[in-house]
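Quick notes on the structure that follows.
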Amino acid sequence: MAMTEAAEKAEYNAFLAVCPSRRLLDRISDKWVVLILCALGGDEAGESPAPRAMRYSELSRLLVGVSQKMLTQTLRALERDGLLTRTAIPTVPVTVTYELTELGLSLHHLARVLRQWAQTHMDQVLANREKHDAQTS
1 MAMTEAAEKA
11 EYNAFLAVCP
21 SRRLLDRISD
31 KWVVLILCAL
41 GGDEAGESPA
51 PRAMRYSELS
61 RLLVGVSQKM
71 LTQTLRALER
81 DGLLTRTAIP
91 TVPVTVTYEL
101 TELGLSLHHL
111 ARVLRQWAQT
121 HMDQVLANRE
131 KHDAQTS
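The opening position of the sequence shown corresponds to residue 1 in UniProt numbering, with each subsequent residue numbered one higher.
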């Protein structure tokens, strides 16, 4: 049985429609996932990010435009995948914090680079869009 599992893992290929890694790629390429990973990784604080636990309300305020439903669904999915932990502290009202796991932290490093690339190259992308649209009109 262990040999079969090892063989199956070695055969993950996201180019195949049936590969489960496709669903994972779909999840982690979502803008809210990238921004949540960056927030929990401490990227909003400056150049030297330090991962930290954040409350739901902190995440909600930081991620301008995310709906309560989308934030809740995304956090639950990331918890299910083992990328973050949810800790409920029995206070009145209950305090809930979210924090990256080691697995989540390893993905955070990639998400951070992706976010930085998007921010750095946005002017060039906008100029290319404008040029393309002018040529096709």
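Glycine is no exception: its CB is placed at the ideal position from the N, C-alpha and C atoms.
Query, Result
"As assigned by DSSP and simplified to three states, the class of tyrosine 98", "strand"
"Sufficient close CB pairs (3 or more, under 8 Å) joining the region 93–105 to the region 51–59", "yes"
"Rounded C-alpha distance that separates threonine 91 from leucine 110", "35 Å"
"Whole-Å CB distance - glycine 104 paired with leucine 37, under 8 Å assumed", "7 Å"
"Local conformation of arginine 52 per DSSP, three classes", "coil"
"Span of the beta strand (DSSP E), counted from its first residue to its last, around leucine 16", "Note, leucine 16: premise wrong, no beta strand (DSSP E); not H, not E."
"Three-state secondary structure (DSSP) of leucine 62", "helix"
"Outcome for glycine 41 when other beta-carbon atoms lying within 10 angstroms are tallied against a minimum of 16", "buried"
"Close beta carbons around valine 113, own chain, < 8 Å, minus the five adjacent residues each side", "none"
"Rounded C-alpha distance that separates threonine 117 from threonine 95", "First, the amino acid is wrong: residue 117 is tryptophan here, not threonine. C-alpha separation (whole angstroms): 34 Å."
"Rounded C-alpha distance that separates leucine 78 from leucine 84", "6 Å"
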